[in-house]
Ligand SMILES: CC(C)(COP(=O)(O)OP(=O)(O)OC[C@H]1O[C@@H](n2cnc3c(N)ncnc32)[C@H](O)[C@@H]1OP(=O)(O)O)[C@@H](O)C(=O)NCCC(=O)NCCS
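Residue numbers (this note's numbering): 126 to 294.
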């Protein structure tokens, strides 16, 4: 299977925040942003694997800035690393200033998808070859995040989490 670069999976969704998508403070409802990120990230994972993909885990979400009603929101998703059947996707969320067009980072998240066959069984995916410094940084830390996610899900024992242990020893 031929390895792929992160940019081959790049997926960009741009949309507005409408009144039905906000909380009582007139900012984008968190669940709506999670859904937009899930959609963009699943397309990125599908572009990488060319398979059916399912969301296995939401590893990290930081709602660092509120996104006001009427904002133009861009959700950028890119595969950061692939393991045997699982694919980690980084999502960066930007809001665009109406007058200047300047983009400000509002949120970020990391999702894990698993490629499956028609019966839902996990299936192998291509490796990732990072190119930029940021892609290399995200690639290098992905195994640590995978182990943490498996540990929290009760799918890995603490003494098996070699990357996490290395952080503390
Ligand atoms: C995701 C799913 C396919 C994993 O099935 P499973 O029986 O745990 O399969 P495996 O143990 O073989 O794991 C498959 C891969 O997923 C990874 N994985 C499983 N759970 C994970 C978690 N919580 N975090 C990170 N990775 C996880 C495993 O490490 C493995 O990765 P690898 O092959 O790259 O090493 C299965 O749990 C599933 O279908 N879940 C429902 C998905 C879904 O419907 N999502 C939408 C929610 S509404």
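Yeah, the Cβ is synthetic: ideal placement off N, Cα and C, and Gly gets one too.
Source: prediction; values computed, not measured.
Taking buried to mean at least 16 other C-beta atoms within 10 Å of its own C-beta, is residue i buried or exposed?
| i | result |
| --- | --- |
| residue 131 | buried |
| residue 225 | exposed |
| residue 293 | exposed |
| residue 167 | buried |
| residue 277 | exposed |
| residue 217 | buried |
| residue 255 | buried |
Assuming residue i contacts residue j (C-beta within less than 8 angstroms), just tell me the rounded distance between them.
| i | j | result |
| --- | --- | --- |
| residue 231 | residue 192 | 5 angstroms |
| residue 170 | residue 178 | 4 angstroms |
| residue 244 | residue 181 | Contact doesn't hold; Cβ gap of about 17 angstroms is too wide. |
Taking the alpha-carbon positions, what's the residue i to residue j distance?
| i | j | result |
| --- | --- | --- |
| residue 273 | residue 222 | 36 angstroms |
| residue 146 | residue 197 | 13 angstroms |
| residue 135 | residue 263 | 15 angstroms |
| residue 194 | residue 154 | 10 angstroms |
| residue 267 | residue 288 | 10 angstroms |
| residue 239 | residue 149 | 35 angstroms |
Quick one: give me the first and last residue of the alpha helix (DSSP H) that residue i is part of.
| i | result |
| --- | --- |
| residue 213 | Run containing residue 213: none in the alpha helix (DSSP H); it sits in the beta strand (DSSP E), 211-221. |
Considering residue i, what are the terminal residues of the beta strand (DSSP E) in which it resides?
| i | result |
| --- | --- |
| residue 293 | First-last for residue 293: 287-293, but that is the alpha helix (DSSP H), not the beta strand (DSSP E). |
| residue 137 | 136-141 |
| residue 235 | 228-241 |
| residue 278 | Premise fails: residue 278 is in no beta strand (DSSP E) and is neither H nor E. |
| residue 182 | 177-187 |
| residue 206 | 197-207 |
Original post:
Are three or more beta carbon pairs between the segment 154-164 and the segment 203-210 nearer than 8 angstroms?
Top reply: Judged by Cβ distances under 8 angstroms, the segment 154-164 makes no contact with the segment 203-210, as fewer than three pairs qualify.
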